[in-house]
Amino acid sequence: MYQSIAEIVQTAQQRGVTIAKLMLEQESTYSGKMAEEIIKQMSEQLTAMSLAVSKGLTGNGVASNPFLTQHQAAKLAKYHQRGKTLSGDIVLTAMENAIATNEVDAAMGVVCAAPTAGSSGTLPGVLFALEKKLNLSRRNEIDFLLCASGFGLIVANHATIAGATGGCQAEVGSASAMAAAAAVEVSGGTPQQSAEAFAFSLSNLLGLVCDPVAGLVEVPCVDRNVVGAVNALAAADMALAGLTNTIPADEVIMAMKDVGERMPRELRETGLGGLAATPTGNQIKFNIFGTEA
Amino acid sequence: MNITVARGVKMEEKYQSIFDIVGPVMVGPSSSHTAGAAKLGKKAGQLLKNRPQKIKIDYYESFAKTHVGHGTDLAIVGGILGMDADNPALANSLEIIKAQAISLQINELSEPSPIGHPNTAAITLSDGKNKIFLCGCSIGGGKIEVKQIELDGYNIELPGSLPVILFKCSPRSLVKILEKLSDMGSIVTAQNFCYFAERENLYALNLKEMPVNDLERKIQKYCDNLICL
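Protein chains in written order, with full-length UniProt numbering: chain E, 1 to 293; chain Z, 1 to 229.
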């Protein structure tokens, strides 16, 4: 099993293969399954992602039970269609897809965690925005997920992907960094550029707290996936332009772990601090559950 | 300047499969508080084997603070009823147990987790005759660890990783079972036991992965009450 991003990058460069290919081999060694079987399984994850996006964007979209988040993805899509957006097509599409996924998640619909359910909108946000732009085949999209999972494994094993342990930087931060790295690879960037994009993306979200209002995975989780997706696109572009991050990707993961360990428990998925502890946050909790934060 | 600090740091390989990262496909809203919780519930249900009459869930730390909003109750109870994390019926699990007159007690405990993780749940189930206890945590991305189990009044502490197989047998039969596992290419990563009767122990073996070949048929004759979690 690859122990660091540096090791993954080095191996991919030396052998002249993609990170997606390395992950396919690693999974095959771990599970004893043939490559075709793994691709088929990843294809099912991809299908789950695209079903969630279309569910969240069809008609008026979905609403969660306490109605904290409802129909935002569909509203954004209508605004996008009117054609007068400040940011461009790709960014808007990424935003819509991210919100759509997390609205479905909040409504207890079926999503594919990547790496978690709270951050499940970030990867599909980026992936389906690039689909048209780069004319990606289904196999390219599976490679995107394979590449992203390789980076995610390093984060999960060296640091954490749980909001309760490391805050939202561990969830949306990790998802954003995984998406950035994979976006670079499917755009034809080098393995090192993937690592740079990963490092930019995670560095930019260090310190992000997990402060869910009323303990629900709704506010601010749904909108934070927008940040995750847009940040990933920006980080990928920076890396593809040849910009380099001062702190190497593996050390950014160490920093994320360090920040998570220093984060007070009120800001690690307890619903006791941050947005959850504001007067409005408290009022919402009281309205839903009859108790204050 | 060429610093390679992170290289050579041996990582804890808690997550091994790419599908631990891209996946699981699951009912929202939270992989740790919903999908992981459903898995913990399912393991508890497997331990009891029968449908419970009473369910008690003790929550600690983050689980205690956010279980309602994260659908954790629905997920654990659904898991106990045998549902998987991607089963949309999880959302109805509390209605199902109400209709079946299964009692549910939920406690939000204020003390720190006894197993040192913010996402901790301790589940006690009884079917009127047998009682089981399982304490575990949800470590993120839908991945869980099981740290304590009580079966027929006997306690066993576990390192956390899954899968785990539990059974009762004599030390002599254990040797046979370990041989069989080795023949199947299965790697035992930890072995724990507690004494429960003369010349018989309750054993828990943590395996690197669950053997694909008909494990139960191959080792059943050497032991009693085989449970694969």
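Yeah, the Cβ is synthetic: ideal placement off N, Cα and C, and Gly gets one too.
Since we're looking at a predicted model, the values are computed, not measured.
Taking residue i as the reference, which of the options has the closest Cα?
i, options, result
"V217 (chain E)", "Z:P29, Z:G160, Z:I76, Z:Y195", "Z:P29"
"A100 (chain E)", "E:I284, E:S149, E:T122, E:R82", "E:T122"
"L174 (chain Z)", "Z:S161, Z:I18, Z:C228, Z:L205", "Z:L205"
"G163 (chain E)", "E:V172, E:V155, E:N157", "E:V172"
"I219 (chain Z)", "Z:A197, Z:V68, Z:I177, Z:I149", "Z:I177"
"residue 317 (chain E)", "E:Q192, E:S201, E:A170, E:L243", "Beyond the ends of chain E as shown, which are 1 and 293, falls residue 317 (chain E); an answer cannot be given."
"A101 (chain Z)", "Z:G141, Z:N107, Z:R51, Z:D84", "Z:R51"
"L202 (chain E)", "E:F151, E:M23, E:E36", "E:F151"
"L46 (chain E)", "E:L76, E:S120, E:K21, E:L86", "E:S120"
"V230 (chain E)", "E:P279, E:L130, E:S149, E:V17", "E:L130"
"K208 (chain Z)", "Z:R217, Z:A89, Z:V188, Z:G160", "Z:V188"
"S28 (chain E)", "Z:H33, Z:I18, Z:V22, Z:S32", "Z:I18"
"T244 (chain E)", "E:E196, E:I142, E:N135", "E:E196"
"L206 (chain E)", "E:V227, E:A214, E:T190, E:D223", "E:V227"
"G167 (chain E)", "E:N282, E:G59, E:A94, E:P220", "E:P220"
"Y195 (chain Z)", "Z:E157, Z:D183, Z:S182", "Z:E157"
"G82 (chain Z)", "Z:I97, Z:V68, Z:G116", "Z:I97"
Is any beta-carbon of chain E found at less than 7 angstroms from that of residue i?
i, result
"S31 (chain Z)", "yes"
"G136 (chain Z)", "no"
"S62 (chain Z)", "yes"
"I177 (chain Z)", "no"
"P24 (chain Z)", "yes"
"M210 (chain Z)", "no"
"P118 (chain Z)", "yes"
"G69 (chain Z)", "yes"
"A91 (chain Z)", "yes"
"Y15 (chain Z)", "yes"
"G142 (chain Z)", "yes"
"N2 (chain Z)", "At N2 (chain Z) the pLDDT is 46, less than 50, meaning the model places this residue with poor confidence; the figure from the coordinates comes in the next sentence. No - not a single Cβ of chain E is within 7 angstroms of the one on N2 (chain Z)."
"E12 (chain Z)", "yes"
"G28 (chain Z)", "yes"
"I80 (chain Z)", "no"
"K65 (chain Z)", "yes"
At least one CB of chain Z closer than 7 angstroms to the CB of residue i: is that the case?
i, result
"L243 (chain E)", "no"
"E103 (chain E)", "no"
"L57 (chain E)", "no"
"Q168 (chain E)", "At residue 168 (chain E) the sequence reads Cys, which differs from the Gln that was named. Answer no: the Cβ-Cβ gap between C168 (chain E) and chain Z never drops below 7 angstroms."
"V217 (chain E)", "yes"
"F289 (chain E)", "yes"
"N225 (chain E)", "no"
"G61 (chain E)", "no"
"I19 (chain E)", "no"
"G125 (chain E)", "no"
"E196 (chain E)", "no"
In this structure, does DSSP put residue i in helix, strand or coil?
i, result
"C223 (chain Z)", "coil"
"K180 (chain Z)", "helix"
"S203 (chain E)", "helix"
"A101 (chain Z)", "coil"
"V68 (chain Z)", "coil"
"R82 (chain E)", "coil"
"L76 (chain E)", "helix"
"S123 (chain Z)", "Looking at the sequence itself, residue 123 (chain Z) is Ile, so the reference to Ser does not match. It is a strand residue."
"N60 (chain E)", "coil"
"E25 (chain E)", "helix"
"N65 (chain E)", "coil"
"E13 (chain Z)", "coil"
"E157 (chain Z)", "strand"
"T4 (chain Z)", "No answer about T4 (chain Z) holds up, because its pLDDT of 47 lies below 50 and its placement is not dependable."
"Y2 (chain E)", "coil"
"K143 (chain Z)", "strand"
"E218 (chain E)", "coil"
"K49 (chain Z)", "coil"
"N213 (chain Z)", "coil"
"V164 (chain Z)", "strand"
Quick one: what's residue i bridged to in DSSP?
i, result
"A190 (chain Z)", "Z:N206"
"N107 (chain Z)", "Z:D58"
"R139 (chain E)", "Answer by DSSP bridge pairing: none, since R139 (chain E) is not bridged."
"T83 (chain Z)", "Position check: residue 83 (chain Z) holds Met in this sequence, whereas Thr was assumed. According to DSSP, M83 (chain Z) bridges with nothing at all."
"E103 (chain E)", "E103 (chain E) pairs with nothing; no bridge assigned."
"M26 (chain Z)", "E:V111"
"R268 (chain E)", "E:C210"
"E150 (chain Z)", "Z:F133, Z:N155"
Say yes only if the C-beta of residue i is nearer than 6 angstroms to one or more non-hydrogen atoms of the ligand NAP, and no if none qualify.
i, result
"S31 (chain Z)", "Because no ligand of any kind appears in the structure shown, any question about the ligand NAP cannot be addressed here."
- Taking contact to mean at least 3 C-beta pairs separated by less than 8 angstroms, is the segment 71–84 of chain Z in contact with the segment 28–46 of chain Z? yes
- Task: Determine, using beta-carbon pairs with one atom in the segment 152–159 of chain E and one in the segment 247–259 of chain E, whether at least three such pairs fall under 8 angstroms.
- Result: yes
- Contact between the segment 43–51 of chain Z and the segment 126–138 of chain Z (3+ Cβ pairs under 8 angstroms): yes
- Message: Any contact between the segment 53–61 of chain Z and the segment 173–186 of chain E? By contact I mean 3 or more CB pairs, one from each, below 8 angstroms.
- Response: no
- Item | Three or more C-beta pairs below 8 angstroms linking the segment 65–75 of chain E and the segment 102–109 of chain E | yes
- Spell out a yes or no on whether the segment 14–30 of chain Z and the segment 136–155 of chain Z are touching, meaning 3 or more CB-CB pairs, one atom from each, closer than 8 angstroms. yes
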